[in-house]
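Have a look at the structure below, then the notes.
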Amino acid sequence: KTSAPSRILTATITSLTKERPLETVEALFIPIFVGCGQGSDTAEIEPNQTQADLVSKTIKTGQLSEEAVSRFVVGLVEDKVTPPMIWNDSTMPVLTTLLSKRPSLSDEAVKMLAVLIGKKTKEHCKNSKFS
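In our numbering, the protein residues as written are 889 to 1019.
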């Protein structure tokens, strides 16, 4: 089980997000959800619930500008990202929270998001047991 992040870590991330939202999104938040394990010999490491909760909480505080929220969504769904975003019970609420902010997205970003959702829906249906 993961523990809650320390108050000092939370305060530091909140402050950084307030002062430099785009840099925080690109250098901290996006790498938590995409490219996990990249450049290492270890297996892909999924983001944990604590990381996802911390990012969601930061998004909900309104510290991210619309531009930063849009960049975050695009960073999660870009097709040039390898490995791509890990879709699980921890990461989906983060994407949902981002989308609830109604970011301005290009047609291409919306298309990429729709394609990824379609793929995940198909995977889910294949893996589900029907009675």
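Here a beta-carbon is modelled for each residue, glycine too, at the ideal position from N, C-alpha and C.
- Within the segment 927-968, complete alpha helix (DSSP H) segments of at least 4 residues are found at 937-948 and 954-965, given in chain order.
- Counting only the Cα atoms, V962 lies some 11 Å from V922.
- DSSP places A892 outside both helix and strand once states are collapsed to three, so it counts as coil.
- About 5 Å separates the Cβ atoms of E934 and I974, confirming a contact at the 8 Å cut-off.
- In the pairwise beta carbon analysis, the segment 939-951 is classified as touching the segment 975-986: at least three pairs are separated by under 8 Å.
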